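In structure tokens form, the structure reads like this:
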């Protein structure tokens, strides 16, 4: 059973892992700059999911039907929905930072206070969706049903998986080069390394923080599109909870504060839990994910790559 | 039903009515069993909340809905609360001499949160009876308290068989339990598919576990050798899909709710698995069809609930009042409330009196004939099979042993 | 650390009023403090009987049960405070210990349990505490070498693993749960049992009593060598290690003691509800515990009791408006944190051992009693009077203030 489905699980794990990795990048960026676990990041992701979903609705797609649109149209629609999701999530992340975190920073609050505010914000965002959209998942809108494109060692690879893995990698490369090669990215790294010195050197810390949140939100929005493409039933008010925890775990697994660590952690977590559920059954999937996390941290206490954002070099 | 939500189920009514004439005839197609009542095409003699309009009761007399109203699993609770409220309103309109107040208490749907609100209702001496609690877990938790208080409670949706084995004298179940539905579903699958192998997949809820157990037992370990587990809120089922592909069964029985059933069947069909899909009342919901986006077509749904085409008046009134069609257990809740209201009209003005009234009740409701055994189970609980036809759920046949 | 005065001058008028109150309180003698505390405690005990309007959660939910839940929450917060507030270890999986306590009670007393035993509640409590303590050590031994947020995610993982195991392992019955869990015995004079599901008053009094006992125990622990070691670890682990504090061992102690209190609260909860299944032990619950500690003021045991009361009470109070109660709760968390980032009652950085004598010397007892007359005869000979100001020089205490 396990060996039969080894390659299928690997591919599936990579595709899921890419989604984890994109969300994990948001955790890692914010952590690198502020040393803050942004627990509300999973709700930023949910905002992205609803952004994508509402765009589908606005484009005239009806829940429950697989629309008959030519491929080019589908891709255009997906890109548009993804862009809306990214922008909404990015803007939401910046607003969250303004409303919930900045006042605390101004008061020099202890780190745990940020954590509680994040939890409060998480509750508020979830409840807003629950009250306005109800507690049932939104009706399924699926633009692109999965079709096997080719096979690797006998395991079918679907169009969705190819799109998701490639697009996620592309986004990662863009994010990575933004942080490592641009002027703004240098500011981000400088603040991550030493906020006080960076400020003295003329880096605008507030702006760097805003950009960090924006970037994390944009990536979460992109992840939201891929998630909704894989799981069309995913638009629900509490849909980000487990995914957020897994993505956070992925970020820690790779070494929190480290962009490449987040990618690696996400992919490893995605693959590992697919192997795990194949070996032990679907209900052990999450157990495998968490045991892996605990196990890795035993031996590599700062995660697999274990550097901080500030030290990340090209 | 244990602890989950149900949404719009009633839009099917109009379409289902069209096929009714074709389906109802099948009810005689097998040897009659206790659990195989014919479809009540029109329960003319059904007792309605309005009663005879001659009800007399003390002002302030109350019945209560206790169950979830907000939170993740709230949709089911809302639907039950609405149907109860509808019954009370209709009753009060028709009976100027007896104005019953409805008390709504939010149990949160989980065992630990249910105790407080339930106790508050028990303390409210004006409350003579309860419609609820919707889920089995919370019912287990508050059962002893309700029993000690002698407060009659009729659940419209909790189907765990163990609930009636606690010696509680106040607990009544308004529908068939899993021990009725499970064997009936197994029997039907055996007749329909003459299977060598059936995959029984269950979620981690009390409901899913109990039902899967009953089905597995009835099918026998040989046939149901393929057993799968999924988790509540799980959305990715590649392991289960792989398992089914490996076993290649004649049918899949999924014991759980529609939230997981829709992505599950979609992913099964996407992977090319065309095995017939059978699921219980927890999946019988329009949401299942909509969220599976076409993949649900041809699925079979078993339910210890009678087809709703028999009670269009209720459906219309509900739709009018709440701007949404009634859902899976709305009619059961309406019946439960009706029985309590009947008791109050007939002069049961205390908790013991109402309890006695319910105990010895014998009457036709919208959904079925209501008469309880001493342990609180109904004497007669029909199980029906429904079928997903395109984007509608239609009546297939009653299960006839 | 700055001195007391530096702290006072740097803080606003509100802060200094609090500091003054705190100073005044510290200057009271033990009996005086007790004299003030007893009526407060009596009032707390009488709350369910008084059922005061506005404060009460009725008619939406039973007030005694809401109070009982708040008391259990307070107990949990006190236990978690040892880990977070005292030792400075961020634990996001504390609900795991609560779950282990509740499940131990269920396994040892429910007829649904495969163990087939029905132990009385009083026997279960110590067993559950030992079991959770052991699980605390088991979790702590490998993980406590991790620092900061890595520890947070590992403990979070632990909490999830406990919940998932309860779900997946058949004898733990998952969602089906355990019924008829043992309650404490005892009856009123008219023969009705004190501890029933219907009447949470007895349970509330029991819980408050346990909270008080644990508070006293924790107070003593704080002032002991262990407590000081924890604070040293919290403030600067490396410095503590260098000055000879076996930090690792004390961190394990913090984990084990915190876990035992968690287990105790689990048994209390299980006994009152009488039913345990896997529906309460998720990460969200764990995070709410953390919220209670931070909201009240980590490190301040009275503060966390207040925080726990609020976290448990606010949703209950808004039970009448179920649609919006968690929205209100989330907003309350944000607003409270923005206005009181240190928590409602911030950490009190004050002298521990012989602190009372020191404060009295510094600020006077304020009762006309000469400070010198209160000089303890209890100070053991030979033990250095740490942190007590030198009488002759009259200097400020080194460890005072923040």
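Chains as they are written, first to last, in this note's numbering: chain A, 1 to 314; chain B, 1 to 401; chain C, 1 to 402. Heads up, the beta-carbon is just placed ideally off N, CA and C, and yes, glycines get one too. As the structure is a prediction and not an experimental result, all values here were calculated from the model.
Residue nearest to residue i in terms of C-alpha spacing, selected from the options
i                      : options                    : result
residue 104 of chain C : C:264, C:44, C:323         : C:264
residue 149 of chain B : B:289, B:325, B:224, B:170 : B:170
residue 370 of chain B : B:305, B:324, B:387        : B:305
residue 124 of chain A : C:331, C:193, C:340, C:336 : C:331
residue 107 of chain B : B:67, B:74, B:125, B:395   : B:67
residue 150 of chain A : A:161, A:140, A:142, A:144 : A:161
residue 125 of chain B : C:225, C:290, C:59, C:229  : C:59
residue 299 of chain A : C:150, C:318, C:49, C:28   : C:150
residue 11 of chain A  : A:26, A:165, A:266, A:224  : A:165
residue 109 of chain B : B:83, B:361, B:93, B:78    : B:78
residue 55 of chain C  : C:224, C:176, C:155, C:309 : C:309
residue 294 of chain C : C:92, C:72, C:71, C:161    : C:92
Outcome for residue i when other beta-carbon atoms lying within 10 angstroms are tallied against a minimum of 16
i                      : result
residue 16 of chain A  : buried
residue 135 of chain C : buried
residue 335 of chain A : This structure does not reach residue 335 of chain A, given that chain A is present from 1 up to 314, and the question cannot be answered.
residue 227 of chain A : buried
residue 53 of chain B  : exposed
residue 177 of chain A : exposed
residue 96 of chain B  : exposed
residue 274 of chain B : exposed
residue 190 of chain C : exposed
residue 131 of chain B : buried
residue 147 of chain A : exposed
residue 205 of chain C : buried
residue 380 of chain B : exposed
Backbone CA spacing between residue i and residue j [nearest angstrom]
i                      : j                      : result
residue 126 of chain C : residue 267 of chain C : 10 angstroms
residue 186 of chain B : residue 133 of chain B : 28 angstroms
residue 118 of chain A : residue 334 of chain C : 8 angstroms
residue 39 of chain A  : residue 343 of chain C : 19 angstroms
residue 242 of chain A : residue 287 of chain C : 14 angstroms
residue 229 of chain A : residue 129 of chain A : 20 angstroms
residue 313 of chain C : residue 112 of chain A : 22 angstroms
residue 45 of chain C  : residue 180 of chain C : 27 angstroms
residue 247 of chain A : residue 118 of chain B : 39 angstroms
residue 73 of chain A  : residue 182 of chain A : 34 angstroms
residue 12 of chain C  : residue 37 of chain A  : Unreliable placement is indicated for residue 12 of chain C, whose pLDDT of 46 sits below 50; the coordinate value is still reported in the next sentence. Going from the Cα of residue 12 of chain C to the Cα of residue 37 of chain A covers about 30 angstroms.
residue 302 of chain C : residue 268 of chain B : 55 angstroms
residue 208 of chain C : residue 133 of chain A : 41 angstroms
residue 291 of chain A : residue 276 of chain A : 10 angstroms
residue 62 of chain C  : residue 195 of chain C : 15 angstroms
residue 28 of chain A  : residue 88 of chain C  : 23 angstroms
residue 163 of chain B : residue 152 of chain B : 14 angstroms
residue 48 of chain C  : residue 201 of chain C : 7 angstroms
residue 88 of chain B  : residue 160 of chain B : 27 angstroms
residue 368 of chain C : residue 178 of chain C : Because the pLDDT at residue 368 of chain C is just 42, under 50, the model does not fix this residue reliably, and the value given afterwards should be weighed accordingly. Those two C-alpha atoms are separated by around 60 angstroms.
First through last residue of the alpha helix (DSSP H) which encompasses residue i
i                      : result
residue 81 of chain C  : 63 to 81
residue 128 of chain B : Unbroken run through residue 128 of chain B is the beta strand (DSSP E), 127 to 131; no alpha helix (DSSP H).
residue 339 of chain B : 330 to 345
residue 112 of chain B : 111 to 123
residue 173 of chain B : Here residue 173 of chain B belongs to no alpha helix (DSSP H); instead the beta strand (DSSP E) covers 171 to 173.
residue 274 of chain A : 259 to 280
Bridge-paired residues (DSSP) for residue i
i                      : result
residue 301 of chain B : B:279, B:386
residue 104 of chain B : B:65
residue 194 of chain A : Answer is none; residue 194 of chain A lacks a bridge partner.
residue 187 of chain C : C:193
residue 135 of chain A : For residue 135 of chain A, which the question treats as bridged, DSSP gives no partner whatsoever.
residue 155 of chain A : A:152
N-terminal and C-terminal residue of the beta strand (DSSP E) that residue i is part of
i                      : result
residue 368 of chain A : This structure leaves residue 368 of chain A out entirely; chain A is present only between 1 and 314.
Residue i CB to nearest heavy atom of the ligand GDP below 6 angstroms
i                      : result
residue 148 of chain B : Here there are no bound small molecules, and the ligand GDP is not part of this structure.
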